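Note that the protein sequences, when read in sequence, are chains A and Z.
Following the working numbering, the residues of the first sequence are numbered contiguously, the last one being 810.
Following the working numbering, the residues of the second sequence are numbered contiguously, the last one being 1121.
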Amino acid sequence: MDKFSVFSSRLVDKSENFTSGHRACQGCAEALAVRHVMKALGRDTIVAMATGCMEIISSPLPLTSWKVPWIHNAFENPSAVISGCESGMKAMMRKGKIPQKKINFVAMGGDGATADIGMGPLSGALERGHDMVYVCYDNEAYMNTGIQRSSSTPYGASTTTSPAGKVSIGQHTQKKNMAQIAVAHNIPYVATACSSFPFDLMDKVRRAAETPGPAYVHVLSVCPTGWRIPTQDAIKYGRLAVDSCVFPLYEVINGKYRLSYKPYKKLPLNEYLKGQGRFRHLTDKEIQLIQQKVDRDYERILRLCEEEE
Amino acid sequence: MATQRKGIEVSIAMADAVAQANVDVIAAYPITPQTHIVEHLSEIVANGELDAEYVPVESEHSAMSVCCGSSAVGARTFTSTSSQGLALMAEIFYIAASMRLPMVMALANRSLSGPLSIWNDHTDTMMVRDAGWIHIFVENGQECYDNVFCGFRISEDPDIMLPLAINLDGFILTHMIEPVIYEDNETIRKYLPDVRMKNALHPDNPVSMGCFAMPEIYTEAQMSREHGVRNSYPTIVKAWQEWGDLTGRYYKPVETYRADDADYCIVTMGSYGETAMEVVDALREEGEKVGVVKIRLWRPFPFDDFRKAVLGKKSLIVIDRAISFGGPGGPVATELRSALYGKPGAPTIVNYVAGLAGRDVSRNDFKNIILEGKAKAEKGETDGFTLYGLRG
Ligand SMILES: Cc1ncc(C[n+]2csc(CCOP(=O)(O)OP(=O)(O)O)c2C)c(N)n1
Ligand code: SF4
Ligand SMILES: [Mg+2]
Chain A
502 MDKFSVFSSR LVDKSENFTS GHRACQGCAE ALAVRHVMKA LGRDTIVAMA TGCMEIISSP
562 LPLTSWKVPW IHNAFENPSA VISGCESGMK AMMRKGKIPQ KKINFVAMGG DGATADIGMG
622 PLSGALERGH DMVYVCYDNE AYMNTGIQRS SSTPYGASTT TSPAGKVSIG QHTQKKNMAQ
682 IAVAHNIPYV ATACSSFPFD LMDKVRRAAE TPGPAYVHVL SVCPTGWRIP TQDAIKYGRL
742 AVDSCVFPLY EVINGKYRLS YKPYKKLPLN EYLKGQGRFR HLTDKEIQLI QQKVDRDYER
802 ILRLCEEEE
Chain Z
730 MATQRKGIEV SIAMADAVAQ ANVDVIAAYP ITPQTHIVEH LSEIVANGEL DAEYVPVESE
790 HSAMSVCCGS SAVGARTFTS TSSQGLALMA EIFYIAASMR LPMVMALANR SLSGPLSIWN
850 DHTDTMMVRD AGWIHIFVEN GQECYDNVFC GFRISEDPDI MLPLAINLDG FILTHMIEPV
910 IYEDNETIRK YLPDVRMKNA LHPDNPVSMG CFAMPEIYTE AQMSREHGVR NSYPTIVKAW
970 QEWGDLTGRY YKPVETYRAD DADYCIVTMG SYGETAMEVV DALREEGEKV GVVKIRLWRP
1030 FPFDDFRKAV LGKKSLIVID RAISFGGPGG PVATELRSAL YGKPGAPTIV NYVAGLAGRD
1090 VSRNDFKNII LEGKAKAEKG ETDGFTLYGL RG
């Protein structure tokens, strides 16, 4: 059953815990990812969310898109807030102040909330070993405030604070590898996922929630507004990211790597980059250099996965 | 009911009180002079004397964030910090109040950098004066111990639901060994029963907390906070009254000492009150008609109590422990001036900023301040402030 669910849409929970009517841009695959994640988690979940697109679009007072208990506190602290929720519930249940119940404690944030400003709190929460899941929705920039670069913005992307210019390629630093940073905390479960592969994503979120202790899921979330692509192409670009091996899908369970998906045919990087406004300025030579880096990184992941077989 | 009188470090007594209050979550980060409180708490938890989660966070920002999370699920929550720690958590300190999350903080008051200093004054707490917390100032070890229970009782009251800070002077109180009367657990249970917070985060009753506000609702949200803090006053008074009825130790928003017939009063907040009383006793012997007014409740500010205590006096000599650079004077004096402005019978105010970063203010200094202040008042020199004891 476990494996079948990856293939069968009929086995997916029909109820929506993150409901429609929110204010995300047309074609937002980050909102789609949230929806998938919430389907996988179910109702017995408490969500702590960082400031960012997903928080703003889902909670304009007095409205809410959330059917589960949900708390937003600040930009950098969902991991600390959920640490508190988990600790409080644990203590109260142990002391008999409230009845025992299995609850998923889930923190969520964008790439800025995760890889930049909230890195310390996240690292602290993972290190302390709370029974929690952290989901990072990586749209590769600070979208909520108008497409500024983050440390998760890929090399060569033009953003409003890393604009391509006469003497600049745009973002001139390499994308921070958050999944690997999570792995370095020796936590029991880490995975990468993408909302263009919804069943794989839901499967991983479920596994993360079932894992006792901290789990980290890094979700590539296509943002048509920030990537400057047509709104109807968000799913396509998620697939291209995975099929060109820019964003490989894998799990690390108790330190063991497992590749989730091997493209039938590895697409050239250009397939993924072309058509995205944020990469429009790149020359063939520059793309070639980036391709070499993608190849090296992908081979490294393959090696790690093979080692474990 | 059995009470026990102990000679004990104030920080330890405070930690013992937190354990007696049966808290569920403690999240804190070490900073002098608060450390003894949280060290002792972690010891109590490690020894199984208190069943609680001690969350050893990686920063004060996370300490306050953890406290928000645990309070949001309805757990009884305690934290403690000082100075730079408070500054680091200031962002979340405000949010805790705006989300109406009950918790108690022992705020061991210390100066803010820079220059770096670990010693006591009130610059840290004045930074968060307007955050929407309830602020109590205590004067000695017993008050620290007692106000932990009163603090939780007030903070968690369904009509209040606000975080509460107990301001205690760093070192002057935290590191002092004092006689403290401990109440037995039965008394504490009676006064402070476990409560289940309404609308706590739980899957059985999903709520959304911390939603964002457009301009058409932000103003109303702020007004509701203003009501929340201001209207907490009667509950605070009642909680203190009931504590007094149980233990014989009564607290009031504004307390006075030999002030009834005084022409001049010295106004203090925190541990300076003790010294001020001694000095006033001595000055009374010399025939000076002086008294002490102590402000215990800083937020919500007890306007009526304060005015009742001072209207008709000639002058107040207000000691501030913080400075407002380029401003009208110390924060306390500034507020008191505005509380009295235009009121018939309002005394004038002479403002001293003293004891910054632990600079000792001795009995003799108090005497100087009172007499010098009185002379200034008589000459009408009541503008601005004087930085007492400035060298060079
Ligand atoms: C302390 C603090 N600094 C800055 C901001 C402004 N801010 C709000 S959301 C955001 C960017 C969010 O980016 P990300 O986490 O990637 O989420 P996205 O909106 O892209 O989903 C910024 C900079 C803030 N709210 N708080
Ligand atoms: S800016 Fe991007 S991530 Fe934010 S709501 Fe719009 S499409 Fe979604
Ligand atoms: Mg982002």
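Glycine is no exception: its CB is placed at the ideal position from the N, C-alpha and C atoms.
All values derive from a computational prediction rather than experimental measurement.
For this session: With 8 Å as the C-beta to C-beta threshold (strictly closer), list the residues of the segment 797-818 of chain Z near chain A in chain order.
Result: Cys797, Gly798, Ser799, Ser800, Ala801, Val802, Gly803, Ala804, Thr806
Exercise. Less than 7 Å separating the beta-carbons of His813/A and Glu556/A?
Worked result: Here chain A has residues from 502 to 810 only, and residue 813/A is not among them.
For this session: Could you give the DSSP three-state label for Pro561/A: helix, strand or coil?
Result: In the first sequence, the residue the question calls residue 561/A occupies position 60. If DSSP states are grouped into helix, strand and coil, Pro561/A belongs with the strands.
For this session: Please report how far the alpha carbon of Phe1114/Z lies from the alpha carbon of Val1079/Z, in whole angstroms.
Result: Position 385 of the second sequence holds residue 1114/Z. Position 350 of the second sequence holds residue 1079/Z. Going by the C-alpha atoms only, they are around 7 Å apart.
Exercise. Quick one: Cα of Phe698/A to Cα of Arg740/A, how far?
Worked result: To locate residue 698/A, count along the first sequence from 1; it is residue 197. To locate residue 740/A, count along the first sequence from 1; it is residue 239. Those two C-alpha atoms are separated by around 8 Å.
For this session: Kindly indicate if chain Z contains any beta-carbon less than 7 Å away from that of Arg652/A.
Result: In the first sequence, the residue the question calls residue 652/A occupies position 151. The identity of residue 652/A in the sequence shown is Ser, whereas the question assumes Arg. It does not: the Cβ of Ser652/A has no partner Cβ on chain Z nearer than 7 Å.
Exercise. Where Cys554/A and Asp617/A are concerned, what is the direct C-alpha to C-alpha distance, given to the nearest angstrom?
Worked result: As a position in the first sequence, residue 554/A is number 53, starting the count at 1. As a position in the first sequence, residue 617/A is number 116, starting the count at 1. When rounded, the distance between both Cα atoms is 16 Å.
For this session: Identify the contact partners of Phe941/Z in chain A, using a Cβ-Cβ distance below 9 Å as the criterion.
Result: As a first step, residue 941/Z is located in the second sequence; it is residue number 212 there, counting from the start. Within 9 Å Cβ-Cβ: Thr552, Glu556, Ile557, Ser560, Pro561, Leu562, His573.
For this session: For Leu893/Z, write down the residues that DSSP places opposite it in a beta bridge.
Result: Position 164 of the second sequence, counted from the start, is the residue given in the question as residue 893/Z. Leu893/Z pairs with Val833/Z, Ile863/Z.
Exercise. Can you name, in chain order, every residue of its own chain whose Cβ lies under 8 Å from the Cβ of Ala950/Z, other than the five neighbours on each side?
Worked result: Taking the second sequence and counting its residues from 1, one reaches residue 950/Z at position 221. These residues qualify, in order along the chain: Ser827, Ala942.
Problem set entry | Contact shell at 7 Å, judged by CB to any heavy atom of ligand 2, ordered along the chain | Ala525/A, Cys526/A, Gly528/A, Cys529/A, Glu531/A, Ala532/A, Cys554/A, Ile558/A, Asn640/A, Met644/A, Asn645/A, Ser722/A, Cys724/A, Pro725/A, Thr726/A, Gly727/A
Exercise. Could one say the Cβ of Leu930/Z lies closer than 7 Å to chain A's Cβ atoms, at least one of them?
Worked result: Indexing the second sequence from 1 puts residue 930/Z at position 201. With 7 Å as the cut-off, Leu930/Z counts as an interface residue toward chain A.
For this session: Name the two residues that bound the continuous alpha helix (DSSP H) containing His673/A.
Result: On the first sequence, position 172 is the one that residue 673/A refers to. Looking at the DSSP string, His673/A is not in any alpha helix (DSSP H), and its letter there is neither H nor E.
For this session: In the DSSP assignment, find the unbroken beta strand (DSSP E) run with Met609/A in it and report its ends.
Result: Counting from 1 along the first sequence, the entry for residue 609/A is found at position 108. Taken as a continuous stretch (DSSP letters only), the beta strand (DSSP E) holding Met609/A covers 605-611.
Exercise. Using a C-beta to C-beta distance shorter than 8 Å, which residues of chain Z count as neighbours of Thr565/A?
Worked result: Residue mapping note: residue 565/A aligns to position 64 of the first sequence, counting from 1. Those are Ser937, Cys940, listed as they occur along chain Z.
For this session: Quick one: give me the first and last residue of the alpha helix (DSSP H) that Pro944/Z is part of.
Result: In the second sequence, counting from the first residue as 1, residue 944/Z sits at position 215. Here the alpha helix (DSSP H) through Pro944/Z covers 944-959.
Exercise. Alpha carbon to alpha carbon, what distance is there between Leu845/Z and Cys695/A?
Worked result: Your numbering for residue 695/A matches position 194 in the first sequence. Your numbering for residue 845/Z matches position 116 in the second sequence. Taking the straight line from one Cα to the other gives about 48 Å.
For this session: Answer with yes or no whether the minimum CB distance from Met590/A to chain Z is below 7 Å.
Result: Locating residue 590/A in the first sequence gives position 89, where the first residue counts as 1. By this cut-off, Met590/A is an interface position.
Exercise. Under 7 Å between the Cβ atoms of Ala746/Z and Val877/Z?
Worked result: Against the second sequence, residue 746/Z aligns to sequence position 17. Against the second sequence, residue 877/Z aligns to sequence position 148. One thing to note: Ala746/Z has its Cβ within 7 Å of the Cβ of Val877/Z.
Problem set entry | Contacts of Ser521/A in chain Z (Cβ-Cβ under 9 Å) | In the first sequence, residue 521/A corresponds to position 20, counting from 1. Neighbours of Ser521/A on chain Z: none; closest Cβ ~16 Å, over 9 Å.
Problem set entry | Local Cβ density within 10 Å of Met633/A, reported as buried at 16 or more and exposed below that | One-based indexing of the first sequence puts residue 633/A at position 132. Flag for Met633/A reads buried.
Problem set entry | Inter-stretch contact at 8 Å, needing at least 3 Cβ pairs: the segment 510-522 of chain A / the segment 713-733 of chain A | Using a C-beta cut-off of 8 Å, the segment 510-522 of chain A makes no contact with the segment 713-733 of chain A, since fewer than three inter-stretch Cβ pairs fall below that distance.
For this session: Taking only runs that begin and end inside the segment 562-643 of chain A, name each unbroken alpha helix (DSSP H) of 4 or more residues, in chain order.
Result: 579-595, 620-629
Exercise. How about Ile711/Z and Ile895/Z: are their beta carbons less than 7 Å apart?
Worked result: Outside the displayed span of chain Z (730 to 1121) sits residue 711/Z, for which this structure offers no information.
Exercise. Can you find a CB in chain D that lies within less than 7 Å of the CB of Val786/Z?
Worked result: Looking at the structure shown, chain D is missing, and the protein chains on hand are A and Z.
Problem set entry | Residues of its chain near Arg804/A, where Cβ-Cβ distance is below 8 Å and the 5 sequence neighbours each way are ignored | Along the first sequence, read from residue 1 onward, the residue named residue 804/A stands at position 303. Once the five neighbours on either side are set aside, Arg804/A has no close Cβ partner at all.
Exercise. So, is Ser651/A buried or exposed, given that buried needs 16 or more other C-beta atoms within 10 angstroms?
Worked result: Counting from one through the first sequence, the residue named residue 651/A turns up at place 150. So Ser651/A ends up on the buried side.
For this session: Could you confirm whether any beta carbon from chain Z is found closer than 7 Å to the beta carbon of Ile682/A?
Result: Here the question's residue 682/A lines up with position 181 in the first sequence. Taking Cβ atoms only, chain Z never reaches closer than 7 Å to Ile682/A, which makes this a no.
Exercise. Is it the case that the CB of Phe576/A approaches a heavy atom of ligand 1 more closely than 6 Å?
Worked result: Numbered from 1 along the first sequence, position 75 holds the residue referred to as residue 576/A. True, at least one ligand heavy atom lies under 6 Å from that Cβ.
Exercise. Do you know how far the Cα of Tyr980/Z is from the Cα of Gly1055/Z?
Worked result: As a position in the second sequence, residue 1055/Z is number 326, starting the count at 1. As a position in the second sequence, residue 980/Z is number 251, starting the count at 1. Roughly 35 Å separates the two Cα atoms.
For this session: With 7 Å as the threshold, decide whether the Cβ of Glu1064/Z is near any Cβ in chain A.
Result: Position 335 of the second sequence, counting from 1, holds the residue named residue 1064/Z. In terms of beta-carbon proximity, Glu1064/Z stays away from the interface with chain A, with every pair separated by 7 Å or more.
Exercise. Among Val739/Z, Gly977/Z, Ser1000/Z, Asp1010/Z, which residue has its Cα nearest to the Cα of Arg987/Z?
Worked result: Here residue 987/Z refers to the residue found at position 258 of the second sequence. Looking at the Cα atoms, Asp1010/Z is the closest of the given residues.
Exercise. Shorter than 7 Å from the beta carbon of Ile863/Z to some beta carbon of chain A?
Worked result: The sequence position of residue 863/Z within the second sequence is 134, counting from 1. No, no contact with chain A.
For this session: Measure the CB-CB distance between Val451/A and Ala735/A and report whether it falls below 7 Å.
Result: The shown model of chain A, from 502 to 810, leaves out residue 451/A, and the question about it has no answer.
For this session: Measure the Cβ-Cβ separation of Phe576/A and Thr552/A and say whether it is below 7 Å.
Result: Position 75 of the first sequence holds residue 576/A. Position 51 of the first sequence holds residue 552/A. Yes, Cβ-Cβ distance for Phe576/A and Thr552/A is below 7 Å.
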